[in-house]
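A.B. asks:
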Amino acid sequence: QVQLVESGGGVVQPGRSLRLSCAASGFRFRTYGMHWVRQAPGQGLEWVALIQNDGSKEYYADSVRGRFTISRDNSRDTLYLEMNSLRAEDTAVYYCAKDWNDRGYDYWGQGALVTVSS
Amino acid sequence: DIQMTQSPSSLSASVGDRITITCRASQDIRNNLVWYQQKPGKVPKLLIDTASTLQSGVPSRFSGSGSGTDFTLTISSLQPEDVATYYCQKYVSAPLTFGQGTRLELK
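Quick mapping for you: the protein sequence lines, in order, are chains Z and E. Take 1 as the starting number for the first sequence in our numbering and just add one per residue. Take 1 as the starting number for the second sequence in our numbering and just add one per residue.
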């Protein structure tokens with residue numbers, strides 16, 4: 001069955017960096033676009049970034065562009081989110097999500113909590 | 001960027017009520033609209049894609065409609081297990097913006 005397992009969350013000071021990983025299994029990873037979506041505590045969903053199936057194109061929300069980098073390793077079935085210059089407002093649960101034929105996310109990971117605090 | 005506006009932001013209703021949640025895009029997105037359900041403490045679940053296509057396994061009391069800029073999620077007869085927050089998302093041309101969510105509670 002399809003599984004997406006995030007790791008790498010934790011507590012980090014403002015201005016520092018953190019890298020999230022999302023290990024995928026149960027489907028042909030290299031075939032699908034992948035996304036990161038975040039949810040601040042008690043708040044709604046915010047789309048963060050998208051990478052196409054072959055890694056050729058990336059797209060970002062304005063709130064993270066220039067600070068975050070999405071990437072993938074199709075040989076390892078793993079998605080990444082490199083987060084630099086972290087701010088308090090980046091505190092959130094970060095979900096990786098699998099695109100389903102440009103029609104939404106059919107699978108989500110369980111989420112990784114990132115807390116930016118001094 | 002295209003903005004997505006959901007209304008209402010919260011809703012309290014009784015079992016058996018007909019519920020309507022609206023989502024408005026600031027520009028034409030054709031039928032590139034997705035609805036998710038997120039129950040408390042859970043991961044979001046895809047309910048409807050391309051504005052009106054019900055996902056497999058989703059109860060038929062859920063339906064979606066609309067095209068262009070105005071979209072609707074309808075629950076024909078509210079059940080206790082439908083208590084959740086519902087989000088729309090435009091699924092074309094990044095950024096793939098979500099609506100702010102509609103929190104649905106039981107009276």
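Just so it is clear, CB atoms sit at the ideal spot from N, CA and C, and this is done for glycine as well.
(1) Closest by CA to Tyr32 (chain Z), which one among Z:Asn74, Z:Gly15, Z:Phe68?
(2) Buried or exposed for Gly101 (chain E), please, with buried defined as at least 16 other CB atoms from any protein chain shown within 10 angstroms of its CB.
(3) Where do the ends of the beta strand (DSSP E) carrying Gly66 (chain E) lie?
(4) By a C-beta neighbour count over all protein chains shown, 10 Å radius and 16 as the cutoff for buried, is Asn101 (chain Z) buried or exposed?
(5) What whole-angstrom Cβ distance do Ile19 (chain E) and Leu104 (chain E) have, given they're in contact under 8 Å?
(6) Does the contact criterion of 3 or more C-beta pairs under 8 Å hold for the region 70-77 of chain E versus the region 17-27 of chain Z?
(7) Mapping the DSSP letters down to three states, classify Arg76 (chain Z) as helix, strand or coil.
(8) Pairing CB atoms from the region 101-115 of chain Z with CB atoms from the region 4-24 of chain E, are three or more of them under 8 Å?
(9) Since Gln55 (chain E) contacts Ile48 (chain E) with CB under 8 Å, what's their CB separation in whole angstroms?
(10) Just verifying my parser: in three-state terms, what is the DSSP assignment at Phe68 (chain Z)?
(11) Which bits of chain Z does Tyr91 (chain E) rub up against, with CB to CB less than 8 Å?
(12) Would you mind stating whether Glu82 (chain Z) and Ser63 (chain Z) have Cβ atoms separated by less than 9 Å?
(13) Going by C-alpha to C-alpha distance, which of E:Asp17, E:Arg30, E:Phe71 sits closest to Tyr87 (chain E)?
(14) Is the beta carbon of Gly68 (chain E) closer than 9 Å to that of Ile29 (chain E)?
(15) Could you pull out every residue in the same chain whose Cβ sits closer than 6 Å to the Cβ of Arg61 (chain E), ignoring the five residues on either side in sequence?
(16) When Cβ atoms are compared, which residues of the region 47-75 of chain Z fall closer than 8 Å to chain E?
(17) According to DSSP, is Phe98 (chain E) part of a helix, a strand, or is it coil?
(18) Could you round the C-beta distance between Val34 (chain E) and Tyr91 (chain E) to whole angstroms and report it? I think they count as a contact, below 8 Å.
(19) Taking the beta strand (DSSP E) that Trp100 (chain Z) falls in, what are its first and last residues?
C.D. replies: Well, looking at it:
(1) For Tyr32 (chain Z), the nearest C-alpha among the options comes from Z:Asn74.
(2) Burial check for Gly101 (chain E): the Cβ neighbour count within 10 Å reaches 16 or more, so the residue is buried.
(3) Per DSSP, Gly66 (chain E) belongs to the beta strand (DSSP E) from 62-67.
(4) The residue is exposed, with fewer than 16 neighbouring Cβ atoms inside 10 Å.
(5) Beta-carbon to beta-carbon, Ile19 (chain E) and Leu104 (chain E) are separated by about 7 Å, close enough to satisfy the 8 Å threshold.
(6) No: the two stretches stay apart, fewer than three of their Cβ pairs being nearer than 8 Å.
(7) Reduced to three states, the DSSP call for Arg76 (chain Z) is coil.
(8) They do not touch, by the three-pair rule.
(9) Correct: roughly 7 Å between the Cβ atoms.
(10) In the structure shown, Phe68 (chain Z) sits in a strand (DSSP, three-state: E or B).
(11) Here the neighbours are Asp102, Arg103, Gly104.
(12) The answer is no: Cβ separation not under 9 Å.
(13) With distances taken between Cα atoms, Tyr87 (chain E) lies closest to E:Phe71.
(14) Yes, Cβ-Cβ distance for Ile29 (chain E) and Gly68 (chain E) is below 9 Å.
(15) For Arg61 (chain E), the CB contacts under 6 Å within the same chain, skipping 5 residues up- and downstream, are Ile75, Ser76, Ser77 in chain order.
(16) Hits within the stretch, in order: Trp47, Leu50, Tyr59, Tyr60, Ala61, Asp62.
(17) Of the three classes helix, strand and coil, the one that applies to Phe98 (chain E) here is strand, per DSSP.
(18) That pair is a contact at about 5 Å.
(19) It is not in any beta strand (DSSP E) - Trp100 (chain Z) carries neither H nor E in the DSSP assignment.
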